[in-house]
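Engineer: Okay, here's the structure, questions in a sec.
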Amino acid sequence: MSPLRGRPRDWKKSYTYAALFIIFKIMVIVVLSQTLMKIRNPKLRLGTVVGQRIKTGSISSSFNITFITEVIIENTNFGHFRYDTTPLNILYSGIIVGQTMIPKNRADARKTKRFAVYVAISSDALSGFQKFNNDVNSGVLFLTSQARISGMVTLMIWKKKKSAELICAMAMNLATTAISELTCE
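The sequence shown begins at 16 in our numbering and counts up one residue at a time.
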C-alpha cells in the first residue's frame, strides 16, 4: 500500500470544508446587509417650541413674533447622515409667514441630533386675509411648519442619498405665545 493513496481524499475533504465555509460566510454577510445594514430615511421633527417675544403693530391684527424651536433629526442608520442647509418654513393657510434655516451638519450613526433655531414670524403678508383677522381676534393662530432635509448616509464604503420631511401643525396662543397641540406627521 502506497503512502500517497489517502491524500486525494484528504484534499477533497479540505476543499469541501473550505467551500462550505465560504458559502456560510457569504450567507451571513448577505443576511446582515439586508437587515442590520439597510439604509433608511432619517426622521425629522420639532421638539419644544417656546415663544420669546411678541410685538404688535398699530393695526390690531399686525404683529411680529420670535420663538425658539428645537429641531430633532433621528438617524436610525449604522452610518452617519450628512445633510445640507435647509429652509424651515412656517405657514398660515399655505402662506409663508416665517422662515429660518436648519444649518448644514452631520447626525452620527444611531444618534439623535438636537439643536435650537430662532424663528421670526410676521403678519405682513396676511393683512387683507379675513380668516387671519378672525383668528387673531380669537387669540389662537393655527400654523404649520414644513422642511425637507436631503443628504448622504455613509455606511462603510456605501453612500446613499436619503431625505426626511417635516410637516407639523401647531396652535399658537397670541396672548402668551405658548404653543399647544404640536403634532408632527
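Here a beta-carbon is modelled for each residue, glycine too, at the ideal position from N, C-alpha and C.
#1: Can I88 and F96 be called in contact, C-beta distance under 9 Å?
#2: Go ahead and label M16 buried or exposed: buried means 16 or more other beta carbons lie within 10 angstroms of its beta carbon, across all protein chains shown.
#3: When you compare the CB positions of G66 and M187, do they come within less than 9 Å of one another, or not?
#4: Shortest alpha-carbon distance to L141 belongs to which of R129, V134, L156, V132?
#5: Below 8 Å, how does it come out for the stretch 105-117 and the stretch 39-53: are there three or more Cβ pairs, yes or no?
#6: Counting only runs that start and end within the stretch 121-191, where is the alpha helix (DSSP H) found for 4 or more residues in a row?
#7: Quick check: what's the CA-CA separation for G113 versus D123?
#8: Can you tell which of L189, I164, Y133, Y30 has the C-alpha that lies nearest to the C-alpha of N56?
#9: Beta-carbon within less than 8 Å of I83's beta-carbon, same chain only, minus the 5 sequence neighbours each way: which residues are those?
#10: Measure the Cβ-Cβ separation of S160 and M185 and say whether it is below 9 Å.
#11: Let me check one thing: in DSSP terms, what residues is A193 bridge-paired to?
#12: How far does the beta strand (DSSP E) with R97 in it reach, from first residue to last?
#13: Between F144 and I136, what straight-line distance do the alpha-carbon atoms span, to the nearest angstrom?
Structural biologist: This is what the structure holds:
#1: yes
#2: Low confidence applies here, because M16 scores a pLDDT of 47, under 50, leaving its location unreliable; read the following figure in that light. That one is exposed.
#3: yes
#4: L156
#5: no
#6: 145-153
#7: 29 Å
#8: I164
#9: V64, V65, Q67, A131, V132, Y133, V134
#10: yes
#11: V65, N188
#12: 95-98
#13: 16 Å
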